[in-house]
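Residue 208 is where the sequence shown starts when you use the numbering used here, and the numbers rise one by one after that.
Quick reminder that beta carbons are idealized off the backbone N, C-alpha and C, glycines included.
To keep things clear, I will list the structure first and then write my remarks on it.
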Amino acid sequence: MTDTALKRVPIESQKRLRGLMRDYFVDLDAAAKDPSRRVAWCTSVGPTEILTAFGFEVFFPENHGALLGAQKVSHTLIPRAVGAGYCPETCSYMNSDIGASLAGWSPLQDIYDIDGPPKPDLLAYNTNQCREVQDWFKFFSSKHDAEILGVRPPLYLGDVTSRHVDFVKGQLRELIERIERSFGLKLDDARLEESVAKSSKASSLWREVLETARTRPAPLSFWDGLILMAPVILMRGSDTAIEFYEGLLAEMQQRLVDGVGAIPGERFRVYWEGMPVWPRMRELSEKFFDLQTVVAASTYCNSWAFADYDGGDPLDWMARTSLEIFINRDEVYKQSFLESMFEEFSIDGAIFHNARTCPNNTNSRFGMAQRVREELGLPVLVLDGDLTDIRFFSTAQSMTNIEAFIEQLEGRRS
Ligand code: SF4
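Given below as structure tokens:
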């Protein structure tokens, strides 16, 4: 039972976010129906900025996959994708998104009174996160008879070298040329620079927001971050995202001054490694609230905290960003990144989510959880589950495991 003496203080910026999301989806719907405008579908870490600079309105299918998970409907849609030949243990974002398309339904219809995901003129993916996105986008490219283009960086890197960067820049240049040829457009270099500068600015502000959780009590938690991160993905490269994060950062800084924490009476600080469990976000968030434990940092929310752009060739920044992201790094880099996060955020214990349908963003499969436990002496819990498919997540078992884990932290402290 939640202790009624402990009251959450709502984050005001979340109210503003609802309006921004509505405007974003309603405008995308209008763009898809307007012959003078173009829509592109894009993977979450780009190449968004190029598409924006060409004047495309950009839609992100991964966000739609997460929405289907949060709406707790993925397990009803995935069987349709399985019927079309997709393995039930492949990315459940992809399977639920394809399933929704085959069902001719989307929660966007009910929430925003629009047709659903906008029909694309172009689909652009980046395999820096996984190859699944390529096959996912191919399904929709065939369905809508739309052009599909991709960037395929070298994977699982330790150090990112200038040769890696040059290689990806070459692919980005080719992507630009293909778009110019196919759509009769000419890229405006100044516009690309502006788009990259705005993306980088929004991303830096997002990182500053997340870093406020280094302080005790943390003014926001992972659960808040999952909602508040939407603009840094969907509206990257826009003034709207920058203004939103400026306001959010000011609100978080005020909470630091006032000593307002996401978890009143914060006792423990935990790190969440891996994908969220979207359909059980509320239950998990309430469980941690009851246990007076803040999930102070996560790999997932940090995935859109990119390096700053200091001018120069915008393709250089785009190539580096797409190579340097956590998911595209080797085990040694990942572990050292996690170690620095544990230290910076004064973490008492780490939870590794073993997401059944996303091996790409799961880091408990090759001994890392064990190594963290042994080398750092940090308590670690591995939770079996999935990002959207609740058939892989036992709520009762997970809650029991989380309670036992916090008891373990308690025991260490006393
Ligand atoms: S990283 Fe994982 S969740 Fe994201 S698209 Fe790839 S397989 Fe799906």
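Per the C-alpha coordinates, the member of Asp-395, Gln-461 and Thr-368 positioned closest to Ala-420 is Gln-461. The continuous beta strand (DSSP E) containing Glu-480 extends over residues 475 to 480. Selection Asp-596, Asp-320, Ser-348 and Ile-318 evaluated against Leu-330 yields Ser-348 as nearest (Cα-Cα). For Ser-529, same chain residues with a beta-carbon under 8 Å away, outside a window of 5 residues either side, are Val-252, Gly-253, Pro-254, Asn-333, Asn-335, Val-358, Pro-360, Val-375 and Asn-535 in chain order. With 16 or more neighbouring CB atoms inside 10 Å of its own CB, Arg-245 falls in the buried class. Distances taken from the Cβ of Leu-275 to the heavy atoms of the ligand SF4 include none shorter than 7 Å. The Cβ-Cβ distance between Val-265 and Ala-247 falls below 8 Å.
Inclusion of Cys-337 in the 7 Å shell around the ligand SF4 follows from its C-beta lying nearer than that to a non-hydrogen atom of the ligand.
The beta carbon of Cys-249 sits no closer than 7 Å to any heavy atom of the ligand SF4. The beta-carbon separation of Ile-440 and Asn-270, rounded to 6 Å, stays under the 8 Å limit for a contact.
At least one heavy atom of the ligand SF4 lies closer than 7 Å to the C-beta of Tyr-300. When secondary structure is reduced to three states using DSSP, Arg-572 falls in the coil class, being assigned neither helix nor strand. For secondary structure counted as the alpha helix (DSSP H) over 4 or more consecutive residues, the stretch 292 to 320 holds these complete runs in sequence order: 299 to 310 and 314 to 319.
Contact annotation: Val-477 and Ile-554 have beta-carbon atoms nearer than 8 Å.
Secondary structure at Phe-347: helix, using DSSP grouped into helix, strand and coil. Closest by C-alpha distance to Ala-603, out of Glu-339, Tyr-300 and Arg-487, is Arg-487. Per DSSP, the beta bridge partners of Ile-558 are Trp-479 and Leu-588. Note that the stretch 482 to 499 does not touch the stretch 447 to 461; fewer than 3 beta-carbon pairs, one per stretch, sit closer than 8 Å. The stretch 219 to 235 and the stretch 302 to 310 do not touch, with fewer than three beta-carbon pairs separated by less than 8 Å. Apart from the 5 residues on each side of it in sequence, Pro-314 sits with its Cβ closer than 8 Å to the Cβ of Leu-274, Leu-275, Gln-278 and Val-280 in its chain, given in chain order.
Under the three-state reduction of DSSP, Trp-248 is assigned to strand. Residue pairing for Arg-536: DSSP places it in a beta bridge opposite Leu-364.
Asn-509 and Ser-406 have their C-alpha atoms some 15 Å from each other. Distances between the C-beta of Cys-565 and the heavy atoms of the ligand SF4 include at least one below 7 Å.
Around Tyr-516, the same chain offers Val-403, Ala-404, Ser-407 and Trp-524 as residues with beta carbons nearer than 7 Å, after the five sequence neighbours per side are excluded. By the Cβ neighbour-count rule, Val-464 is exposed, with fewer than 16 other Cβ atoms within 10 Å of its own.
By the neighbour-count criterion, in which a residue is buried when 16 or more other Cβ atoms sit within 10 angstroms of its Cβ, Asp-241 is exposed. Looking at the DSSP output, Leu-330 sits in a beta bridge with Trp-248 and Ile-355. The beta carbon of Leu-498 sits closer than 6 Å to those of Ile-613, all from its chain and outside the five residues before and after it, given in chain order. The shortest CA-to-CA distance from Asp-520 to any of Pro-286, Met-228, Val-372 and Asp-320 is the one to Val-372. Rounded to the nearest angstrom, the gap between the Cα atoms of Trp-312 and Ala-353 is 20 Å.
Glu-550 has its alpha-carbon roughly 45 Å from the corresponding atom of Asp-328. For Glu-256, same chain residues with a beta-carbon under 8 Å away, outside a window of 5 residues either side, are Leu-399, Ser-402, Val-403, Ser-406, Arg-443, Gly-444, Pro-521 and Met-525 in chain order.
Thr-500: not part of any alpha helix (DSSP H); member of the beta strand (DSSP E) spanning 500 to 505, first to last residue. Gly-584 places its beta carbon 8 Å or farther from that of Asn-561. Put simply, of Glu-219, Ala-514, Thr-297 and Ala-288 the residue whose alpha carbon is nearest the alpha carbon of Ala-310 is Ala-288.
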